[in-house]
Amino acid sequence: MVYRGKFQADMDALHQDVVTLGKECYRRLRGSTEVLTDMDTERARALVKGDSAINSMEYDINTQVINLITTQQPVATDLRLIISSIKIADDLERISDNISNLGEVRKRVRLHSEKLLLRLSTMERLALLMLEDVKAAYESGDTDLCIEIIERDKDIDSLFVQITTTDIIEESDVFVTGQSQLAAKYLERIGDHIKNIAEHVYFILTGDKYEKIAQQ
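Going left to right, the sequence shown walks through residues 1 to 216 as full-length UniProt numbering numbers them.
Set out below in structure tokens:
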């Protein structure tokens, strides 16, 4: 009983650390597109610098996972949760990388197009809502919500296509146009990683991979 109690405490700590990592990524993402219009680069530099804390948090989660696997010999159900946790942490770390990339864009250029900025901020808001809902889906065991989140990534993809294939950017400077498209690409990748997280959560809850269910 003592052994199982220690194992459960370690599992709870792992879960909480992944949730904390998700919350920190949410905090970094919120308002990240506003940085693209700042008069100076102070917030952009802070956005880039903040990624180091995320990297450290992911490293700690990886260490916890290794310790759990090597010392606790988890059963299949627990192992599914442990392995999925490390995958979720990896996707969250990559989300943070792309948030930092938005800061790097602002360090190079300042964006002005209202049409572009409206779509970029919409992509950010959609991603924030997906992050909120994937946490809710896990806590409530809602597999239908997981599937909905996976499908909602298409809305972010659609905005990315609009930005990169139309004249929304309204910019004669080729370099600024390229940086604008990069900003959209980073947000599109953030959506992809949240979609991945929703698929990991679906696997935790059901034991089935979403790709297998989608093909049926």
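For every residue, glycine included, the Cβ atom is placed at its ideal position computed from N, Cα and C.
Just so it is clear, the structure is predicted and the values come from calculations on it, not from any experiment.
Local conformation of residue i per DSSP, three classes
i	result
residue 157	helix
residue 150	helix
residue 188	helix
residue 167	coil
residue 2	Low local confidence applies: a pLDDT of 49 at residue 2 is under 50, so the model's placement there is unreliable, and no value is given.
residue 77	helix
residue 32	coil
residue 11	helix
residue 22	helix
residue 209	coil
residue 85	helix
residue 38	coil
residue 172	coil
residue 201	helix
Distance CB(residue i)-CB(residue j) smaller than 8 Å
i	j	result
residue 119	residue 193	no
residue 146	residue 89	no
residue 21	residue 66	no
residue 38	residue 80	no
residue 177	residue 169	yes
residue 47	residue 100	yes
residue 203	residue 195	no
residue 157	residue 188	yes
residue 29	residue 190	yes
residue 201	residue 137	yes
residue 217	residue 78	In the structure as shown, the chain begins at 1 and stops at 216. Residue 217 is therefore absent and cannot be evaluated.
residue 97	residue 60	no
residue 205	residue 141	yes
residue 109	residue 179	yes
residue 128	residue 25	no
residue 18	residue 85	yes
residue 7	residue 64	no
residue 164	residue 184	yes
Where the alpha helix (DSSP H) containing residue i begins and where it ends
i	result
residue 57	51–72
8 Å Cβ cutoff, residue i in contact with chain C
i	result
residue 102	Within the model displayed, chain C is absent; a lone protein chain is all it includes.
Could you tell me whether the segment 105–119 touches the segment 133–153, using the rule of 3 or more Cβ pairs below 8 Å?
-> no
Is it a yes or a no for the segment 27–36 touching the segment 121–130, going by three-plus beta-carbon pairs under 8 Å?
-> yes
Residue ranges of each alpha helix (DSSP H) within the segment 91–146, 4 or longer = 114–140
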